[in-house]
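*Asks:* Each residue of the sequence shown is one higher than the one before, starting from 3 at the first, in the numbering used here.
Please see the structure below; I have some questions.
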Amino acid sequence: MNFWIEALVAVSLLLGSLFALIGAIGLYRLPDFFMRLHGPTKSTTLGVGGMVIASLIYFGVQGEGISLHELLITLFLFITAPVSAHMLAKAALQQKVRLSERTHGKPWEQ
């Protein structure tokens, strides 16, 4: 395999892993529900996307071509993560979930 393709796959895997780690740390460390919602929906989505893109590049170069499964995983991931985060946030707003003092804006008090 070409050195540049290996380097591109390695960089995609490293960036994807870094984003997934940052998302997991954010999910663990942030104080309330609305702040924790950003970890899995933003950075973890990019992390898994980076890993799937690395897989697309690697197996596409191996001669098997681009797999439909990997494309569908990426498509469903980038479509469903924002929708589920939006639904979780709306449900939390309706239930008036307790907030941290550091969270700005309290829409149900207006």
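Where a beta carbon is used, it is the ideal one built from N, C-alpha and C, also for glycine.
#1: Under DSSP, the alpha helix (DSSP H) around residue 64 begins and ends at which residues?
#2: In angstroms with no decimal places, state the Cα-to-Cα distance between residue 62 and residue 74.
#3: Output the distance between the C-alpha atoms of residue 68 and residue 76, rounded to the nearest integer angstrom.
#4: Leaving out the 5 sequence neighbours to the left and right, which residues in its chain are closer than 7 Å to residue 32 when beta-carbon positions are compared?
#5: Starting from residue 38, follow the alpha helix (DSSP H) in both directions and report where the run begins and ends.
*Replies:* If we stick to the structure as given:
#1: Element bounds for residue 64: n/a, residue is neither H nor E.
#2: 15 Å
#3: 12 Å
#4: Same-chain partners within the cutoff: 38 and 41.
#5: 35-38
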